[in-house]
Amino acid sequence: MPNPAGAFSHNSRAARASRESALPPVIPAHHRPRLGIAFSGGAARGLAHIGVIQVLEEHGFTCDVVSGSSMGAYIGALWCAGLDGYALEREAHAVSHWRVLAQFMDPVFPPRRGFVRGDQIRRRLCDTIHAATFEELRTPLLVTATNLDTLSGALFTTGDVAQAVLASCAIPGICEPVEIDGSRYTDGAVTEPVPVAPLLDRGVDAVIAVDVMPPPSFQRYLHEHERAEAAAARDSLVERLQQRLNYFARGNILDTLYRSLGAAQMILAETACAQADVVIRPLCCDASWYEFHRPEKYIALGRAAAVTQLPRLRALLAAKEVA
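This note's numbering runs 208 ahead of the 1-based position in the sequence shown.
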């Protein structure tokens, strides 16, 4: 994969880790409790999961089971296949250029079931994880999706990883539903935005939830911030062009659809996070769900949020130490 010049030197990694903390793992491996991590959906905001992964790796935390919805499923699949946090960062940068992003937008004509087919996304994931099945992953992975035929949540743990992840990432109204074994599936975040419950069902000793979707309290604050920004930009030429030409622009059809889904997801996410032992929330006021061209912004956000939770993580694992 391409490596932007000077971006990921060994010295910079070591310096960044030492600035945050350099403590060894708190629990010997043979006493360590089983740890599960749940990665939320959130589209481009889900790139923050990479920053969380980097901090966990640098500080000796090992996850035994990973669950993911939507973008969280994509990041989780790469991690479980063996890519470490810095390989994930390189992959995020490799696909951040507009020419690569444009390739992922394989359009559907006529767009009866969605605007994007998703074949290029699946192909990219297959190439990166070498077309792995769930059974071939280094770490167990649980991928959530939503069954459109039964209107219920679904959990994939066997078979083709890339196909399951594509189903989990299929944003309703934007991406075509994905057919698997005769059933149609769409975005896992519709029914399980932060998949904590599947980890609890697997009997892990502790659960970390990484939720990049704003909770209701933050959303109200965010709304005031967005109103102020919109008022300041209302008369700019760029803003007027955005509103006329960009379907993803604030208030336009795809943005409205995504926000509408988010309204229900916030409540489900809050319920799920209440069941986790530690919740990491990489949030900021200027986060946009389609900003895949700015991975460094969200990776840094994930790192910062994870660092603030290191004391709680160490205390949690110490309290749950297995005799």
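Using N, Cα and C, we set each Cβ at its ideal position, and we do this for glycine too.
Contact between the stretch 272-291 and the stretch 345-358 is defined here as three or more beta-carbon pairs at a separation below 8 Å; is this criterion met?
yes
Out of ALA495, GLU529, PRO490, THR341, which has the shortest C-alpha to C-alpha gap to PHE364?
THR341
With ALA256 and VAL420 assumed to form a contact (beta carbons below 8 Å), what rounded beta-carbon distance in angstroms separates them?
5 Å
In chain order, which beta strand (DSSP E) runs of at least 3 residues are fully inside the stretch 271-323?
273-277
When the Cα atoms are used, what is the spatial distance from LEU525 to SER248?
22 Å
With a Cβ-Cβ cutoff of 8 Å, do ILE382 and PHE323 count as a contact?
yes
Classify THR358: buried if its beta carbon has 16 or more other beta carbons within 10 angstroms, exposed otherwise.
exposed
Sub-8 Å separation of GLY254 and VAL273 beta-carbons:
no
Identify the residues that DSSP records as bridge partners of ILE388: which are they?
SER391
Same chain only: Cβ atoms within 7 Å of LEU374, ignoring 5 sequence neighbours per side:
GLY326, ILE329, ARG330, VAL386
Please classify ARG253: does DSSP put it in a helix, a strand, or coil?
helix
What number of angstroms, rounded off, separates the C-alpha of CYS334 from the C-alpha of ARG489?
29 Å
Return yes when the Cβ of THR366 is within less than 8 Å of the Cβ of TYR393, no when it is not.
no
In the DSSP assignment, the beta strand (DSSP E) including SER376 goes from what residue to what residue?
Careful: SER376 lies outside any beta strand (DSSP E), inside the alpha helix (DSSP H) at 369-377.
Assigned exposure category for PRO210 - 16 Cβ within 10 Å defines buried:
With a pLDDT of only 36 at PRO210, under 50, the local geometry of the prediction cannot be trusted, and no value is derived from it.
Which of helix, strand or coil DSSP assigns to PHE532
Residue 532 cannot be examined here, being either before or after the span of the chain that is shown, 209 to 531.
State the DSSP-derived secondary structure class of LEU363, mapped to helix, strand or coil.
strand
When DSSP labels each residue in this structure, what does ILE416 get in the three-state scheme?
In the structure shown, ILE416 sits in a strand (DSSP, three-state: E or B).
Can you tell me whether THR270 is buried or exposed, with buried defined as 16 or more other CB within 10 angstroms of its CB?
Residue burial annotation: THR270 is exposed, with fewer than 16 other C-beta atoms found within 10 angstroms of its C-beta.
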